[in-house]
Ligand code: HEC
């Protein structure tokens, strides 16, 4: 009887690390999330100084927003601070937001359609693991209104006459 109880306890103890490893924040998920953020180019716009320093920034600057801002016919847009953004959301809300996203330029929101829910979960886990840092980025400024610099000013050609039919 004692042996059976001991076997049970050992079984439970062994099962705990296995369960922890399967949770969204396992080392493998974080690595995959980091890979998606890096390869997905999120830093290009959401990390201040990233492009200027050839794709590098100290950890406390990563994804803190307002990296590369854009001005065009839509007004002026400032990439939000994603480290603060994920603090306010559950992983479910993050996935729902990204699936429904229709941002102004130059956010390439259409790229998320190529990612699975698991990919988006790993991305969330990685950004969350960086912890909160920085300040909220400036809000969107409407066309013709004063907007704080710096920003890239885009002079765009008219859109193509024939719309592409799919992807
Ligand atoms: C070319 C620049 C650029 C790149 C690359 C980029 N973003 Fe953005 N992102 C923006 C801008 C600008 C905004 C703000 C748009 C607006 O105000 O409508 C934004 C907004 C967002 C938002 C806020 C959505 C909301 O709720 O309004 C999220 C989340 C986001 N980006 C995530 C990402 C992730 C994750 C990546 C990498 C896969 C990424 N972005 C890559 C420029 C970029």
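Numbering (my numbering), first residue to last: 228 to 394.
Ideal placement from N, C-alpha and C gives every residue a C-beta, glycine not left out.
Judged by the Cβ position, residue 333 qualifies as a neighbour of ligand 1 at the 6 Å threshold, a heavy atom of the ligand being closer than this. A straight-line Cα-Cα distance of about 5 Å links residue 272 and residue 294. Under DSSP, the beta-bridge partners assigned to residue 297 are 304 and 379.
Counting only residues of its own chain and dropping the five nearest sequence neighbours on each side, residue 350 has a CB closer than 7 Å to the CB of 260, 263 and 264. The C-beta of residue 327 has fewer than 16 other C-beta atoms within 10 Å across all chains shown, which makes the residue exposed. Shown here, residue 368 sits in a strand according to DSSP, grouped into three states.
Here residue 292 is buried, its C-beta having at least 16 other C-beta atoms within 10 Å.
Remark: three or more beta-carbon pairs, one from each stretch, lie closer than 8 Å, so the segment 315-325 and the segment 340-348 are flagged as touching.
In this model, residue 358 and residue 310 are separated by some 6 Å (Cα to Cα). For residue 368, the CB contacts under 7 Å within the same chain, skipping 5 residues up- and downstream, are 302, 303 and 374 in chain order. Counting every other CB atom within 10 Å of its CB across the protein chains shown gives residue 308 a total of 16 or more, marking it as buried. Distance from the CA of residue 360 to the CA of residue 284, rounded to the nearest whole angstrom, comes to 14 Å. Using a 10 angstroms sphere on the CB of residue 298, the tally of other CB atoms reaches 16 or more, which defines it as buried.
CA-to-CA, the gap between residue 324 and residue 364 works out to about 18 Å. At the C-beta level, residue 330 and residue 257 stay beyond 7 Å of one another.
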